[in-house]
């Protein structure tokens, strides 16, 4: 995400976000600039009204704080909704410990 210009989001039409975590459930460093942009107060509830999206979060229930491992994906999903984007499918939350591997 560090090479994607978030100001282009309204022009994308459709995006799939695969949100990983690191450490104790933190978003990766490459998301810092993207998040900083999305959290600007001047972005209104209509800013992403033309964007359709899906979010899939990556986590591992082997960690004691598994629910916090999924927090970045949940936070991204909510922020996109707050900015007017349309969710095309319920967010997915992957678990590395799942028998099928997802």
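Numbering (UniProt numbering), first residue to last: 1 to 102. Using N, Cα and C, we set each Cβ at its ideal position, and we do this for glycine too.
Within a 10 Å sphere around the beta-carbon of residue 91 sit 16 or more other beta-carbons, which makes this residue buried. Contact annotation, residue 6 with residue 19: C-beta distance approximately 14 Å; criterion of less than 8 Å not satisfied. Beta-bridge analysis with DSSP links residue 54 to 16.
Residue 96 and residue 85 have their C-alpha atoms roughly 28 Å apart. If the five residues before and after residue 46 are omitted, its C-beta is found closer than 7 Å to the C-beta atoms of 84, all from its own chain and listed in chain order.
Measuring C-alpha to C-alpha distances from residue 17 to each of 29, 74, 50 identifies 74 as the nearest. Among the bridge pairs identified by DSSP, residue 22 is matched with 26.
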